[in-house]
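Mapped onto full-length UniProt numbering, the consecutive letters of the sequence shown carry residue numbers 1 to 292. Idealized CB from N, CA, C, for every residue including glycine. No experiment lies behind these values; they were computed from the predicted model shown.
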Amino acid sequence: MLLQEKIDSTNFSANEQIVVDFIEHKQETINDYSTTKIAKETYTSPSVLVRIAKKLGFNGWTELKNAYVEELTYLHKHFKNIDANIPFSGADSVTSIANKLGQLKNESILDTLSLIDSESLSYAIELLDHSNNTGIFGLSNIIFQAEEFSFKMRHIGSKVQTFPIQNTMFQEAAMMNLNDCAIFISYSGESDPLFTVINILKHNHVPIIAITSIGDNKLSKLADITLRISTRERSYTKIAGFASQESISLILDILYSGYFAQHFDDNYNYKISLSQQTEFRDIDNHIIRDNQ
Numbered sequence: 001m002l003l004q005e006k007i008d009s010t011n012f013s014a015n016e017q018i019v020v021d022f023i024e025h026k027q028e029t030i031n032d033y034s035t036t037k038i039a040k041e042t043y044t045s046p047s048v049l050v051r052i053a054k055k056l057g058f059n060g061w062t063e064l065k066n067a068y069v070e071e072l073t074y075l076h077k078h079f080k081n082i083d084a085n086i087p088f089s090g091a092d093s094v095t096s097i098a099n100k101l102g103q104l105k106n107e108s109i110l111d112t113l114s115l116i117d118s119e120s121l122s123y124a125i126e127l128l129d130h131s132n133n134t135g136i137f138g139l140s141n142i143i144f145q146a147e148e149f150s151f152k153m154r155h156i157g158s159k160v161q162t163f164p165i166q167n168t169m170f171q172e173a174a175m176m177n178l179n180d181c182a183i184f185i186s187y188s189g190e191s192d193p194l195f196t197v198i199n200i201l202k203h204n205h206v207p208i209i210a211i212t213s214i215g216d217n218k219l220s221k222l223a224d225i226t227l228r229i230s231t232r233e234r235s236y237t238k239i240a241g242f243a244s245q246e247s248i249s250l251i252l253d254i255l256y257s258g259y260f261a262q263h264f265d266d267n268y269n270y271k272i273s274l275s276q277q278t279e280f281r282d283i284d285n286h287i288i289r290d291n292q
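This is the structure we're talking about:
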């Protein structure tokens with residue numbers, strides 16, 4: 001849930017609502033306001049701001065203000081000229097659709113890059129590097145992107161598996177331990193079947209990486225590290241998950257590349273050796289033909 005949604009769904013007292021309305025009216029410029037200044041302009045008291053922050057799950061006004069401004073800044077970036085939910089219409093030509101999808105995917109990439117926290121990303125790569133086995137958990141079509149990541153990782157010698165069937169997820173989770181690592185991918189971060197798996201992993205002290213949307217969701221609260229993805233799509237009223245799928249793929253590619261770079265020469269030599277042993281085909285196209 002986005003902070004804005006949380007604000008809209010929270011019951012405030014009359015004085016609190018006056019302050020909330022003031023905050024929402026000021027948008028990002030609220031960053032320049034102290035509790036004293038807000039209290040003066042709303043004819044309330046600084047303690048009202050503290051109560052609002054507490055109701056929304058924050059320790060105080062400064063923490064709430066920073067989170068609010070950060071969310072607004074993100075939401076006002078990118079996707080200004082294209083709708084992530086309905087990027088084209090029935091009146092568009094095939095060429096127009098192609099161009100709009102290209103623009104959408106480019107916006108999703110820029111959006112995702114703006115959300116990257118280098119410390120979180122480095123920690124996630126470190127967890128993968130020290131993991132004996134990595135399990136990827138997700139539901140529905142997300143598992144296809146997980147399979148691609150698993151394919152890349154296995155081809156440089158890393159033990160990575162995906163678990164698309166619920167019963168299998170539970171059994172595999174029960175066999176993992178603190179020397180392993182789990183990746184959970186969920187756009188909403190609220191997919192119930194995944195939390196049964198997480199409870200099992202928590203019991204076994206398995207470190208958890210979450211790939212999910214921005215905002216306050218159950219998955220991000222339970223994970224050891226959270227990597228955020230582009231969050232522009234509605235749950236149901238969209239043509240397809242073009243933006244979120246592109247974002248998930250980029251995060252997984254960054255994780256793979258970061259892991260690869262940890263031991264670049266070893267991983268590169270392993271991959272080349274494996275390809276030379278197993279890939280046999282004649283290629284006429286000189287651009288893609290490999291002379292090694």
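- Per DSSP, THR36 is one residue of the alpha helix (DSSP H) stretching across 35-42.
- Judged by beta-carbon spacing, LEU250 lies beyond the 9 Å limit of VAL206, meaning their Cβ atoms are not closer than that value.
- The continuous stretches of beta strand (DSSP E) do not include GLY258, which lies in the alpha helix (DSSP H) extending over residues 242-262.
- Closest by C-alpha distance to GLY189, out of TYR68, THR231, PRO164, ASP180, is THR231.
- Judged by beta-carbon spacing, THR134 lies within the 9 Å limit of GLN161, meaning their Cβ atoms are closer than that value.
- Per DSSP, VAL206 is not a residue of any beta strand (DSSP E), being assigned neither H nor E.
- For GLY102, the three-state secondary structure derived from DSSP is helix.
- The distance from the Cβ of SER247 to that of SER108 is about 5 Å, consistent with a contact at the 8 Å cut-off.
- When the Cα atoms are used, PHE264 and SER257 turn out to be separated by approximately 9 Å.
- Fully contained in the region 69-101 is no beta strand (DSSP E) run of length 3 or more.
- Residues of the same chain with a CB within less than 8 Å of the CB of LEU222, apart from the 5 flanking positions on each side, are PHE195, ILE198, LYS202, ILE208, ALA210 in chain order.
- CA-to-CA, the gap between ASP290 and ILE283 works out to about 8 Å.
- According to the DSSP secondary-structure assignment, GLY135 is paired through a beta bridge with GLN161, ALA182.
- Here ASP111 is buried. Its C-beta has 16 or more other C-beta atoms within 10 Å.
- If the five residues before and after TYR270 are omitted, its C-beta is found closer than 7 Å to the C-beta atoms of ILE156, GLY157, all from its own chain and listed in chain order.
- For the 9 Å CB-CB criterion, ASN85 and LYS238 form a contact.
- Annotated three-state conformation of LEU227 is strand, per DSSP.
- By the 16-neighbour rule on beta-carbons within 10 angstroms, GLN245 is buried.
- In the three-state scheme derived from DSSP, where H, G and I count as helix and E and B as strand, ILE23 is classed as helix.
- Within the same chain, and ignoring the five residues on either side of HIS130 in sequence, no residue has its Cβ closer than 6 Å to its Cβ.
- Check the Cα spacing between ILE82 and each of ALA67, LEU101, SER93: the tightest is with LEU101.
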